[in-house]
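Visitor: To start, I am sharing the structure in question, which I have written as structure tokens.
Chains as they are written, first to last, in this note's numbering: chain A, 4 to 358; chain D, 1268 to 1536.
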């Protein structure tokens, strides 16, 4: 819907930010920057936190990119997750999504709850499907059409207080929640990533079999016999709890996740290097992931749709599909439904006059 | 290695499908369809044999993934044709399957060998992740073929009888994209959950991860445009076709790119 000239500046700005063109441009920018970043080696937090590996990595990068290394590093091409080049279009997209949410939350909510006002003007202007011999009341119309509409998997909601008879026919109304979830999920996802970036931690931790007075003690370690058998270790906390871990199954300790980095043996003493991670954004990430999958499944597998059916006091039968029903997958349905309704009501009235 | 007679069977199926589209003779379509089912069955047997030989689920290497992709692509084409009752779509989908079969037949010996599954890949979560991505990629490839039909249709004119009806191709393409995108999202997110345990981080800006995200973001554009009225909807087939190219690039091109640019990638395939 275009903004009215008398609308406030804030409303016009919100409309511009929620416009598909704005969202498409930010999405396009994001895709281009992601594609560009995939051409460069990325510095992982693990490498950055290890002086030796960092030096090796920097040496390789300088060798390959020569004089351009500093420029590329300033642009954030080697750490795209922290680059302003990525966060600028991401921020623009986030603002657009928020504006869309604010603008469409109420209508989407009403659609999902089924408390939408009937489009009276559209119902008056809609093409005539049939002219019935006698006008029908809402209850009589609903009773006559119930078997047909059940076959079409449409739910009937009679609406009171209208001139003539008015029915709302809908299917998968609750799937409108999917739209809300789909757009809320990326916002939550980014908030989770931000939370981890701002307050998450990554610390190296080294344990050895001859060092016994720590909060965390290495009880035993199997260094692994071949590629097929993974190494594993048993750790003991100060409280006496035993933690099992291997390179693919991290252990949890005091709100941190302990990830296996490497293990080795020197003069009979076994060493285990770990990375302790604190990831406060993870629960938010999980909630967002579930919301996104659920939203997409609801919206795309059970597409919602609403029709308005009206018989005016002069017996004129009109049908108005909502926007969702006019979409590609329902494109033939309004026409087919009109034919079915005309046939059902004409047969029921025994006049068969059609138009 | 995929035997050459299967590649020849697939080439024959493609030529028969083209001949059917040109002549509208039903037996040619049935023959093409039958050959596709035979190749799919052979692919399934090859996968099962590799699974039995390796003692693990047969999606542990790039070769096995591509073989499963070929098998599912033929299966999806067969199911689409059976449901839609429109064989004229087959010639537009089969070239990708043909390309896959040729690349599998030419695959170097060292990539074909059945290997023990590394401990990191023995997670059920990873299996669901790979299957979701495989399913999504297959369906999006079929949708890409239907997008090509819609792109060619206006140039071929209204009287053209060798192409499926544009409106039906559009409806099926939209259905397929709607079917696949949730699975692509599920696949990427499950991969992130698995990577958090196996690699210590749910997102590491690996080229494969980045391109999978780009593909998902790209498909959001046709999904939104398809719901919008007016001229913008005409762009949808082009966007779905580019989406299919992105799927293929993520599968085949990104490992090559990583190798050429000496980029480190944790993804085996």
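From the three backbone atoms N, C-alpha and C, an ideal C-beta is built for every residue, glycine too.
Taking its Cβ as the centre, do 16 or more other Cβ atoms sit within 10 Å of residue 12 (chain A), making it buried, or is it exposed?
Guide: Burial call: exposed.
Visitor: For a contact meaning CB atoms closer than 7 Å, what does residue 1491 (chain D) contact in chain A?
Guide: Residues of chain A passing the Cβ test: 23.
Visitor: Under 7 Å, Cβ to Cβ, is there at least one residue of chain D near residue 45 (chain A)?
Guide: It does; some Cβ of chain D falls within 7 Å.
Visitor: Among D:1511, D:1436, D:1525, D:1374, which has the Cα closest to the Cα of residue 44 (chain A)?
Guide: Among D:1511, D:1436, D:1525, D:1374, the Cα nearest to that of residue 44 (chain A) belongs to D:1525.
Visitor: Helix, strand or coil: which one does DSSP assign to residue 80 (chain A)?
Guide: Coil.
Visitor: Counting only Cβ pairs nearer than 8 Å, list the residues of chain A close to residue 1425 (chain D).
Guide: Correct list: empty, because the minimum Cβ distance to chain A is about 19 Å.
Visitor: What residue from D:1282, D:1486, D:1414, D:1523 has the CA that sits closest to residue 1513 (chain D)'s CA?
Guide: Nearest of D:1282, D:1486, D:1414, D:1523 to residue 1513 (chain D), Cα basis: D:1486.
Visitor: Using Cβ-Cβ distances below 8 Å, what residues of the region 1453-1468 of chain D are close to chain A?
Guide: Those would be 1453, 1456, 1459, 1460, 1463, 1464, 1465, 1467, 1468, in chain order.
Visitor: Buried or exposed for residue 40 (chain A), going by 16 or more other Cβ atoms inside 10 Å?
Guide: Classification for residue 40 (chain A): buried.
Visitor: Assign residue 87 (chain A) to buried or exposed, taking buried as 16 or more other Cβ atoms, counted over all protein chains shown, within 10 Å of its Cβ.
Guide: Exposed, since its Cβ has fewer than 16 Cβ neighbours within 10 Å.
Visitor: With 16 other CB atoms within 10 Å as the buried threshold, where does residue 379 (chain A) fall?
Guide: Examination of residue 379 (chain A) is not possible in this model, given that chain A is present from 4 through 358 alone.
Visitor: Could you pull out every residue in the same chain whose Cβ sits closer than 6 Å to the Cβ of residue 134 (chain A), ignoring the five residues on either side in sequence?
Guide: Answer for residue 134 (chain A): 318, 319, listed in chain order.
Visitor: Buried or exposed for residue 1417 (chain D), going by 16 or more other Cβ atoms inside 10 Å?
Guide: Burial call: buried.
Visitor: For residue 1341 (chain D), which three-state DSSP category applies?
Guide: Residue state, collapsed to three classes: helix.
Visitor: Closest Cβ-Cβ distance between residue 1450 (chain D) and chain A: below 7 Å?
Guide: False, the Cβ-Cβ gap to chain A never drops below 7 Å.
Visitor: In three-state terms, what does DSSP make of residue 331 (chain A)?
Guide: Caution is warranted here: a pLDDT of 46 is assigned to residue 331 (chain A), below 50, making its placement in the model unreliable, and the coordinate value is therefore given only provisionally. Helix at residue 331 (chain A).
Visitor: Can you tell me whether residue 282 (chain A) is buried or exposed, with buried defined as 16 or more other CB within 10 angstroms of its CB?
Guide: Per the 10 Å Cβ criterion, buried.
Visitor: In whole angstroms, give me the CA-to-CA distance for residue 191 (chain A) and residue 1376 (chain D).
Guide: Between residue 191 (chain A) and residue 1376 (chain D), the C-alpha separation is close to 46 Å.
Visitor: At the 7 Å Cβ level, is residue 1369 (chain D) part of the contact set with chain A, yes or no?
Guide: Not one chain A Cβ lies under 7 Å of residue 1369 (chain D).
Visitor: Grab me the residues of residue 52 (chain A)'s own chain with a C-beta within less than 7 Å of its C-beta, minus the 5 sequence neighbours each way, in chain order.
Guide: The answer, listed in chain order, is 205, 207.
Visitor: Three-state secondary structure (DSSP) at residue 1315 (chain D)?
Guide: In this structure, residue 1315 (chain D) counts as helix in the three-state DSSP scheme.
Visitor: Return yes when the Cβ of residue 1483 (chain D) is within less than 7 Å of the Cβ of residue 1451 (chain D), no when it is not.
Guide: Yes.
Visitor: Would DSSP call residue 1405 (chain D) helix, strand or coil?
Guide: In this structure, residue 1405 (chain D) counts as helix in the three-state DSSP scheme.
Visitor: Do you know offhand how far residue 304 (chain A)'s Cα is from residue 19 (chain A)'s?
Guide: Rounded to whole angstroms, residue 304 (chain A) to residue 19 (chain A) spans 30 Å at the Cα level.
Visitor: If we define contact as Cβ-Cβ less than 7 Å, is residue 1387 (chain D) a contact residue for chain A?
Guide: Output row for residue 1387 (chain D): interface = yes.
Visitor: Just to make sure I have the definition right: I need the residues of chain A whose C-beta is within less than 7 Å of the C-beta of residue 1488 (chain D). Which are they?
Guide: Under the 7 Å cutoff, chain A gives 27, 30.
Visitor: Taking three-plus beta-carbon pairs below 8 Å as touching, is the region 1459-1469 of chain D in contact with the region 1424-1435 of chain D?
Guide: No, the region 1459-1469 of chain D is not in contact with the region 1424-1435 of chain D.
Visitor: Anything in chain A within Cβ reach of residue 1365 (chain D), meaning under 7 Å, just list it in chain order.
Guide: Under the 7 Å cutoff, chain A gives no residues; its nearest Cβ is about 28 Å from residue 1365 (chain D).
Visitor: What number of angstroms, rounded off, separates the C-alpha of residue 10 (chain A) from the C-alpha of residue 126 (chain A)?
Guide: Going by the C-alpha atoms only, they are around 27 Å apart.
Visitor: Along the beta strand (DSSP E) that carries residue 262 (chain A), what are the first and last residues, could you check?
Guide: First-last of the beta strand (DSSP E) with residue 262 (chain A): 259-269.
Visitor: Under 7 Å Cβ to Cβ from residue 314 (chain A), same chain only, skipping five residues before and after it: list those, please.
Guide: Same-chain partners within the cutoff: 135, 138, 139, 144, 167, 168, 320.
Visitor: Distance, Cα to Cα, residue 1283 (chain D) vs residue 1491 (chain D)?
Guide: The straight-line gap from Cα to Cα measures roughly 37 Å.
Visitor: Between residue 262 (chain A) and chain D, is any beta-carbon pair separated by less than 7 Å?
Guide: Judged by the 7 Å Cβ criterion, residue 262 (chain A) is in contact with chain D.
Visitor: Looking at chain A, which residues of the region 1323-1334 of chain D have a Cβ within less than 7 Å of any of its Cβ atoms?
Guide: Those residues of the region 1323-1334 of chain D that come within reach of chain A (Cβ to Cβ, closer than 7 Å) do not exist; the list is empty.
Visitor: Measuring only the C-alpha atoms, how far is residue 285 (chain A) from residue 172 (chain A)?
Guide: Near 42 Å, if we compare the C-alpha coordinates of residue 172 (chain A) and residue 285 (chain A).
Visitor: Which same chain residues end up closer than 6 Å to residue 218 (chain A) when comparing Cβ atoms and leaving out the 5 residues on each side of it in sequence?
Guide: Closer than 6 Å at the Cβ level, and outside the excluded window around residue 218 (chain A), lie 241.
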